[in-house]
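A.B. asks: Here my numbering is used: the first residue of the first sequence is 55, the next is one more, and so on.
I have a structure here, written as structure tokens, and I will follow up with some questions on it.
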Amino acid sequence: MPELPEVETIVRALREGGRGGEALPGHRIEAVDVSWARSVAEPSVEGFTRQVVGQRIEAVTRRGKFVVLHLDRQALLIHLRMSGDLRVESTGEQTQPHDRIRFFLSGGLSLVFNDPRKFGRVWLVDDWQNTLAGLGPEPLDEAFTVGELAQRLRVTRRMIKPLLLDQTFLAGLGNIYTDEALHLARIHPLAPAWKLSTEQVARLWGAIRSVLMEGIRRNGASIDWVYRGGEFQHHFLVYQRAGMPCQGCGSPIQRIVVGQRGTYFCPVCQPPWEG
DNA sequence: CACGAGACCTGTTCGC
DNA sequence: TGCGAACAGGTCTCGT
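Below you can see the structure in the form of structure tokens.
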């Protein structure tokens, strides 16, 4: 899936125009066509269609990996999960394979939700903040300090990698950026979160932020046919580099499975924890 | 509470 | 060439 940097890249394009599409704010939703019903999480497809039509898109923001379309009366939350994507095109452009929802907008525009694997979901809600209240902090917010990270790490008994993937712990990290951040911080993915030293926590805080900012700067990673345009994939230090030499020490990058996710790390630069 | 397995899905790549 | 297995950016639910 798109992680925070990919979602941020998409959100900026929807907000300001770009990636081949026009900016959304100011346009009104005139009709909707849902071709895969389960892409709509809430409410029912009927209710969704009835309520969303007629609303105007006021703003586009991001919270964690959610795209938030602020409408005049409600909010449209979109989670792209593994393979979802959003594109803006002129209505009349040819339908693409795996198009799941098309929003017909004023001015002859369409917003299309495309999702080959059908894991993505959209919600139409009255109070988006309430719906997303369970998410952890935004890693790039000023409010997310090294002190807050340290405090949250202290009160868990979990391994660090699955913890960082937990969106209620921190919002926005996924499999790629977690592995990259742990490598930069020189922390083993299986390390017990509560046993990290003060120095390790400080490095992790900096690594999470720098890896996310770098991802955004490079317009995200496009490692397959989705999320075209990003180029962060050319800068991975460990992700999908099993057997290739570590940039730091030259030893081969190792792949293990953690929480059913492929996990890449350097066994020398990210040694097993003490004790 | 923490963790693993299975489910939800389709497409691509890898190994024989 | 063909075919099945493994794998993929995520998250939810259930059982231990």
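Every residue gets a Cβ at the ideal spot worked out from N, C-alpha and C, and that includes glycine.
Just so you know, these numbers come straight off a predicted model, no measurement behind them.
(1) If you follow the beta strand (DSSP E) that Gln254 is in, where does it begin and where does it stop?
(2) DSSP three-state call for Val107: helix, strand or coil?
(3) Count the CB pairs spanning the segment 140-147 and the segment 195-214 that are closer than 8 Å, and state whether there are at least three.
(4) Taking three-plus beta-carbon pairs below 8 Å as touching, is the segment 165-174 in contact with the segment 312-328?
(5) Grouping DSSP H, G and I as helix and E and B as strand, with all else coil, what is Val209?
(6) Which value, in whole angstroms, describes the spacing of the CA atoms of His133 and Val94?
(7) Tell me the start and end of each unbroken beta strand (DSSP E) in the segment 91-148 that is at least 3 residues and wholly inside, in chain order.
(8) From Gly80 to Ser164, what does the alpha carbon distance come to, in whole angstroms?
(9) Tell me the rounded alpha-carbon separation between Trp259 and Leu131.
(10) Out of Glu234, Phe158, Phe198, which one is the CA nearest neighbour of Thr103?
(11) What residue from Ile262, Asp233, Arg263 has the CA that sits closest to Ile307's CA?
(12) Under DSSP, the beta strand (DSSP E) around Tyr318 begins and ends at which residues?
(13) In the DSSP assignment, find the unbroken alpha helix (DSSP H) run with Val65 in it and report its ends.
(14) Buried or exposed: which applies to Glu60, given that a residue is buried once 16 or more other Cβ atoms fall within 10 Å of its Cβ?
(15) Going by alpha carbons, who is nearest to Thr210 out of Arg271, Leu178, Phe198, Leu250?
(16) DSSP state of Asp180, grouped into three classes?
(17) Let me know the secondary structure DSSP gives Phe290 once reduced to three states.
(18) Cβ of Gly228 within 7 Å of Cβ of Glu70?
(19) At which residues does the alpha helix (DSSP H) containing Ala235 begin and terminate?
(20) Sort out for me which residues DSSP pairs Ala85 with in a bridge.
C.D. replies: Judging by the given coordinates:
(1) For Gln254, no beta strand (DSSP E) run applies; the uninterrupted alpha helix (DSSP H) run containing it begins and ends at 252-271, by DSSP.
(2) coil
(3) no
(4) no
(5) DSSP places Val209 in coil when its eight states are reduced to three.
(6) 11 Å
(7) 94-96, 111-117, 120-125, 129-133, 139-144
(8) 13 Å
(9) Each residue's alpha carbon lies about 28 Å from the other.
(10) The shortest C-alpha separation from Thr103 is found at Phe158.
(11) Asp233
(12) For Tyr318, the enclosing beta strand (DSSP E) stretches over residues 315-319.
(13) 58-70
(14) buried
(15) Leu250
(16) coil
(17) coil
(18) no
(19) 229-238
(20) Phe158
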